[in-house]
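Peer 1: Submitted below is the structure of interest, expressed as structure tokens.
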Amino acid sequence: MSDRLINILIDSFPKIIVPGLIYTIPMTAIAFAISLIIAIATALIQIADIKVLKNIARFYIWIIRGTPLLVQLFVVFYGLGQIGIKLSPVVAGVLTFSINEGAYSAETMRAAFESVPKGQMEAGECVGMSYWQIVRRIVLPQAMRTAFPPLSNSLISMMKDTSLLANITVAEMFMSAQRIVARTYEPLWIYIEVGAIYLIFSTFLTMFQRYGEKKLNTYQYK
Amino acid sequence: MSEENLLISVSGLRKRFNDVEVLKDVNLSITKGDVIAILGSSGSGKTTLLRCMNFLEKADAGQLFFDGSTYDLSDMDRKSIVSIRKKTGFVFQNYNLFRNKSALQNVTEGLITGRKMNKEKAVQIARQQLDKVGMLDRQDHYPSQLSGGQQQRVAIARAMATDPEIIYFDEPTSALDPELIGEVLSVMRDLASSGMTMAVVTHEMNFARNVSTRSVFMDGGVIVEDKPTRDFFEAPDSERTKKFINFIEESRK
Ligand SMILES: Nc1ncnc2c1ncn2[C@@H]1O[C@H](COP(=O)(O)OP(=O)(O)OP(=O)(O)O)[C@@H](O)[C@H]1O
Ligand SMILES: [Mg+2]
Chain A
3 MSDRLINILI DSFPKIIVPG LIYTIPMTAI AFAISLIIAI ATALIQIADI
53 KVLKNIARFY IWIIRGTPLL VQLFVVFYGL GQIGIKLSPV VAGVLTFSIN
103 EGAYSAETMR AAFESVPKGQ MEAGECVGMS YWQIVRRIVL PQAMRTAFPP
153 LSNSLISMMK DTSLLANITV AEMFMSAQRI VARTYEPLWI YIEVGAIYLI
203 FSTFLTMFQR YGEKKLNTYQ YK
Chain B
46 MSEENLLISV SGLRKRFNDV EVLKDVNLSI TKGDVIAILG SSGSGKTTLL
96 RCMNFLEKAD AGQLFFDGST YDLSDMDRKS IVSIRKKTGF VFQNYNLFRN
146 KSALQNVTEG LITGRKMNKE KAVQIARQQL DKVGMLDRQD HYPSQLSGGQ
196 QQRVAIARAM ATDPEIIYFD EPTSALDPEL IGEVLSVMRD LASSGMTMAV
246 VTHEMNFARN VSTRSVFMDG GVIVEDKPTR DFFEAPDSER TKKFINFIEE
296 SRK
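Structure follows, in structure tokens:
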């Protein structure tokens, strides 16, 4: 490796990781939090078994899971712009990722809710708890325990998928890398470098997942 | 049975699942302090009876008298259900402890969230009840760290903590290994002698004979025999009851 290349790589490192800290991480965090709320609501709607709402939930999941994320991003950013709904790239990105991930996690959450034995809900009713108290204090914590590993995987995928945001003009890590390549003509090493930075991020997330699983295991070590 | 001591009665209770009528015009009265053993073969409707009385199952018809008021079991409003449930306890065959809560939290949960009691008071009550069932030293254990018998004792403490007028038990020892049955029955015996009103679905003939004040035999969705326990075992009216008692006693030998 030439000195020039080493200098380029050192030089470009902050130029890539800073957008990562400004865009990739916060956007992933916010979108994931919103997606979780959507997922829990969608799962509860399906379990509550109210026909109209349930059909809406099924329809939402069907559309989102059946179309590419990139297409969804383009529809929300460029498409809505055409009919006068102009969203900033960051807002469009967070919105699309939330809605997209919400549909996938809804299925995870539904399975997790259904894995909590129904008898505990009845026991809750018998000691005078309301439906919402039971969901919040008994069912949800246990469902989250079950859902935690698959949700962590989704979080890691989402973090990596934010590289797609370069396509809707968000100046995140991948776009920065592309710009550096255009300037330096070093596609091999720069793209490996940006890949390595994604790897660092996902390694941290994996460590967080391990830690979280351990914490949540305290009451279910069997 | 004096009228003023009547705590609960159901009359004309009917319940069908799909095409099968599981309860056919059941009538049962419970006086304060009664310990009623509900006996009967599998599928006779014992569980369904208890579940209808506590609204875990919706009855198709029937009246419920509770604590001075009368309700239509097929048309209960939410408010009445909640208010009656706050005065009753239920112990399940498979305990149904909250898996994400410690033994202590299992007992305080209904007090703190259901009854808006402050935490200190709830903990104090919970510790008293856990002590009564011999589980105080395990108060911080989670259900997965307790044996079946221990879990059931916590479940009984949970039911007692809400200071109910009556506790329903649905085969509280049926899921237990034989060597764990005794500890649960002994807790129930203490509870009975403390004057608690109890309705107990059970296959434990010794408990029925020695602890219950009244015994009821169900068969095919109706109550066939309903007598003070001594008469029930010594002079049952119905042939089916006799057969059932003999059958159970034989199979125990
Ligand atoms: N949720 C349900 N859906 C359909 N059928 C049911 C349901 N619950 C109970 N049954 C039926 O109702 C009848 C009475 O059931 P129940 O559980 O009350 O009997 P049981 O006397 O408690 O029996 P066991 O001693 O086996 O517990 C049975 O034939 C059972 O199959
Ligand atoms: Mg039963």
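Just so you know, the protein sequences line up as chains A and B, in that order.
Position one of the first sequence corresponds to residue 3 (this note's numbering), numbered consecutively onward.
Position one of the second sequence corresponds to residue 46 (this note's numbering), numbered consecutively onward.
Backbone N, C-alpha and C define an ideal beta-carbon position, used for all residues, glycine too.
For residue 67 of chain B, verify whether its CB is less than 7 Å away from any heavy atom of ligand 1.
Peer 2: yes
Peer 1: For residue 276 of chain B, verify whether its CB is less than 7 Å away from any heavy atom of ligand 2.
Peer 2: no
Peer 1: Find the nearest neighbour of residue 133 of chain B within the set B/226, B/289, B/218 and B/214, judged by alpha-carbon distance.
Peer 2: B/214
Peer 1: Among A/108, A/120, A/75 and A/11, which has the Cα closest to the Cα of residue 90 of chain A?
Peer 2: A/75
Peer 1: For residue 60 of chain B and residue 77 of chain B, what's the separation of their Cα atoms in angstroms?
Peer 2: 26 Å
Peer 1: Taking the CB atoms as reference points, tell me whether residue 215 of chain A and residue 156 of chain A lie closer together than 8 Å.
Peer 2: no
Peer 1: Helix, strand or coil for residue 210 of chain A, going by three-state DSSP, please let me know.
Peer 2: Residue 210 of chain A: helix per DSSP, three-state reduction.
Peer 1: Taking 8 Å as the cut-off, decide whether the C-beta atoms of residue 59 of chain A and residue 110 of chain A are in contact.
Peer 2: no
Peer 1: Just the Cα atoms here: how many angstroms apart are residue 28 of chain A and residue 13 of chain A?
Peer 2: 24 Å
Peer 1: Going by the beta-carbon positions, is the gap between residue 118 of chain B and residue 261 of chain B smaller than 8 Å?
Peer 2: Cβ atoms of residue 118 of chain B and residue 261 of chain B: not closer than 8 Å.
Peer 1: Distance, Cα to Cα, residue 224 of chain A vs residue 189 of chain B?
Peer 2: Confidence at residue 224 of chain A is low in this model, with a pLDDT of 40, below 50, so the placement of that residue should be treated as unreliable; the coordinate-derived value is given next. Computed Cα separation, rounded: 7 Å.
Peer 1: Any heavy atom of ligand 1 closer than 7 Å to the Cβ of residue 93 of chain B?
Peer 2: The beta carbon of residue 93 of chain B sits closer than 7 Å to at least one heavy atom of ligand 1.
Peer 1: CB residue 274 of chain B to CB residue 258 of chain B, shorter than 8 Å?
Peer 2: yes
Peer 1: Short of 8 Å in beta carbon distance, which residues of its chain neighbour residue 172 of chain B, apart from the five on each side in sequence? Order them along the chain.
Peer 2: 149, 181 and 184
Peer 1: Could you tell me the distance, in whole angstroms, from the CA atom of residue 88 of chain A to the CA atom of residue 81 of chain A?
Peer 2: Rounded to whole angstroms, residue 88 of chain A to residue 81 of chain A spans 9 Å at the Cα level.
Peer 1: Taking 8 Å as the threshold (C-beta atoms), are residue 130 of chain A and residue 130 of chain B in contact?
Peer 2: Cβ distance < 8 Å, so residue 130 of chain B and residue 130 of chain A count as in contact.
Peer 1: Taking only beta-carbon positions, decide if residue 224 of chain A is within less than 8 Å of chain B.
Peer 2: Confidence at residue 224 of chain A is low in this model, with a pLDDT of 40, below 50, so its placement is unreliable and the value that follows should be read with caution. By this cut-off, residue 224 of chain A is an interface position.
Peer 1: Is the region 156-172 of chain B touching the region 234-242 of chain B in the sense that three or more CB pairs, one from each, lie closer than 8 Å?
Peer 2: no
Peer 1: Measuring only the C-alpha atoms, how far is residue 156 of chain B from residue 206 of chain B?
Peer 2: 8 Å
Peer 1: For the region 193-206 of chain A and the region 32-41 of chain A, state whether three or more C-beta atom pairs, one from each stretch, are separated by less than 8 Å.
Peer 2: no
Peer 1: Nearest-angstrom Cα distance between residue 135 of chain A and residue 42 of chain A?
Peer 2: Pairing residue 135 of chain A with residue 42 of chain A, the inter-Cα distance amounts to about 15 Å.
Peer 1: Taking C-alpha atoms, which residue in A/189, A/64, A/19 and A/5 lies nearest to residue 200 of chain A?
Peer 2: A/19
Peer 1: How big is the Cα-Cα spacing for residue 119 of chain A and residue 237 of chain B?
Peer 2: 30 Å
Peer 1: Is there at least one Cβ from chain A nearer than 8 Å to residue 111 of chain B's Cβ?
Peer 2: Taking 8 Å as the threshold, the shortest C-beta distance from residue 111 of chain B to chain A does not fall below it.
Peer 1: Would you identify the three-state DSSP class for residue 196 of chain B, choosing helix, strand or coil?
Peer 2: Correct three-state label for residue 196 of chain B: helix.
Peer 1: Quick check on residue 131 of chain A - is its C-beta less than 8 Å from some C-beta in chain B?
Peer 2: Chain B places a beta carbon closer than 8 Å to that of residue 131 of chain A, counting this residue as a contact.
Peer 1: Would you list the one or two residues that DSSP bridges to residue 160 of chain B?
Peer 2: Note: residue 160 of chain B sits in no beta bridge, so no partner.
Peer 1: Figure out for me which residue from B/151, B/86, B/270 and B/71 has the closest Cα to the Cα of residue 248 of chain B.
Peer 2: Of the candidates B/151, B/86, B/270 and B/71, the one whose C-alpha sits nearest the C-alpha of residue 248 of chain B is B/86.
Peer 1: For the pair the region 179-198 of chain A and the region 60-73 of chain B, tell me if three or more CB-CB distances fall below 8 Å.
Peer 2: no
Peer 1: What do you get for residue 289 of chain B, buried or exposed, if any count of 16 or more other CB atoms within 10 angstroms of its CB means buried?
Peer 2: buried
Peer 1: Near residue 115 of chain B, which residues of its chain fall below 8 Å by C-beta distance, leaving aside the five closest residues on each side in sequence?
Peer 2: Excluding sequence neighbours, residue 115 of chain B sits near 108 and 109.
Peer 1: Roughly how far, in whole angstroms, is the beta-carbon of residue 136 of chain B from the beta-carbon of residue 201 of chain B, given that I think they are within contact range, below 8 Å?
Peer 2: 6 Å
Peer 1: Would you tell me roughly how many angstroms separate the C-alpha atoms of residue 306 of chain B and residue 112 of chain A, rounded to the nearest one?
Peer 2: A query on residue 306 of chain B cannot be resolved here, the shown segment of chain B reaching from 46 to 298 and no further.
Peer 1: If contacts are defined as beta-carbon pairs under 8 Å, then residue 263 of chain B and residue 90 of chain B qualify, I think. What distance do you get, rounded to the angstrom?
Peer 2: 6 Å
Peer 1: Assuming residue 229 of chain B and residue 198 of chain B form a contact by the criterion Cβ under 8 Å, report the distance between their Cβ atoms to the nearest whole angstrom.
Peer 2: That belief holds up - the Cβ atoms of residue 229 of chain B and residue 198 of chain B are roughly 6 Å apart, short of 8 Å.
Peer 1: Rounded to the nearest angstrom, what separates residue 209 of chain B and residue 73 of chain A at their Cα positions?
Peer 2: 59 Å
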